[in-house]
Amino acid sequence: MQRMRTTGLVRACPGWVCVGLAVLGLAGGLARAEDLDFRKVVQTQSRQTVAAVRDYILTHADAPDRLQAIVWLFDNSTQYGLEDEALPVAEAVLADESAVEPGLMFRALAVRCMALARKQEFDAAQEQFEAFARRLRFQQAGAALELAHGLSILCRVHGQFEKSNQLYETVRSTFPLVPQVTEAANLRIARHELIGKAPPAIPGTDFEGKPFDWAQAKGKVVLVDFWATNCPPCLAAMPYFKTLAARYKDRGFEIVGVSFDENPALAQAFSDRNGLKWQMFMDKAPTPPVSEGWRVATIPAVFLVGRDGMVANADLNGQELSTVIEQLLAKE
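Using the numbering used here, you'd call the opening residue of the sequence shown number 803 and step up by one each time.
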């Protein structure tokens, strides 16, 4: 969980929770307008490579590097949303699970679950996920949380909010003795309970000392981003947010940032240096949860508010975030 305010910092989050790091972007430099569709280039090339590696595995059963290729295939297919390409190999691995190293079997199960969810077969995906979670050891509970988050995003893209929360319910009921994991699941559920409700007030004031007024955002789609300059996954997401701001600037979309930095000058300097043109507010909450109204106790945390003025979604990233923004902008 990415940094909670205690002694001037916010608690750092393990990699398997900070899925925002999976957002394709260059932390060292923000995207330019001409790079708006670079993800399509990455996706096309990745699909070709994943398919080639899959075919190599299926046609070279005795290759000495076959296991290495399988691990690469599973990891990269899930990173780029290409699980269906890797599914034949995953099914072959699962069919012979007695001879498979457990970590590889779990990767194969994750590929199967995500492939089902991308085809909107959410009941089957949830059933497979529950089986996945039951077979994990406690020390591997983080893998279940990571998969739950990926599946939850796909559920919420398609309006399956109840199923999204059920995934986190499975995590916390399966691993009650792993407090870090159950806490993360509880936080997700709490945040997602805001969906369909009027958004809480934006905490703090902007760099000019002015509060935010939701009336000024009437009829717009608003992305609310909770972040800090000492939160690596928050900064990794900024290039993509800048891309979204450029892509949808003329369609009624805006971003509102809420920084948990102790020093407003630090947040303002980062914003100015990187050309972040949206409003930034400073949250002054002294103790956890750092933003009680929004139920944000860890960052990064991202919410979408629709044209109707209600919270529409939360905790999205990458292409799924763009997809839901498109959906919300299409509504009048």
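C-beta: ideal position from N, C-alpha, C; glycine also. Remember, predicted model here, so these are calculated numbers, not experimental data.
Non-local C-beta neighbours of L875 in its own chain, meaning closer than 7 Å and more than five positions away in sequence, comprise V852, V855, R856, I859, A888, V891, ordered along the chain. When DSSP assignments are scanned along the segment 949-1029, the uninterrupted stretches of alpha helix (DSSP H) that are 4 or more residues long and fall wholly within it turn out to be 963-976, 981-994. Burial of A946 is indicated by the presence of at least 16 other C-beta atoms within 10 angstroms of its C-beta.
The continuous alpha helix (DSSP H) containing I859 extends over residues 840-861. The Cβ neighbour count for L869, taken over all protein chains shown within 10 Å, is under 16; the residue is labelled exposed. Look at the beta carbons and you see the segment 1060-1071 touching the segment 1026-1036: at least three pairs across the two are nearer than 8 Å. For F1083, the enclosing beta strand (DSSP E) covers residues 1081-1084. Rounded to whole angstroms, the separation of the alpha carbons of N1115 and R958 is 7 Å.
Beta-bridge annotation (DSSP): S1093 is paired with V1098. According to the DSSP assignment, E1128 belongs to the alpha helix (DSSP H) that extends over 1120-1131.
In this structure the segment 970-978 does not touch the segment 1047-1057; the number of beta carbon pairs closer than 8 Å is below three. Scanning its chain for C-beta atoms nearer than 6 Å, with the 5 sequence neighbours on each side dropped, one finds around W1096 the residues P1002, in chain order. Under the three-state reduction of DSSP, G1059 is assigned to strand.
L896 sits in a helix when the DSSP states are folded into three classes.
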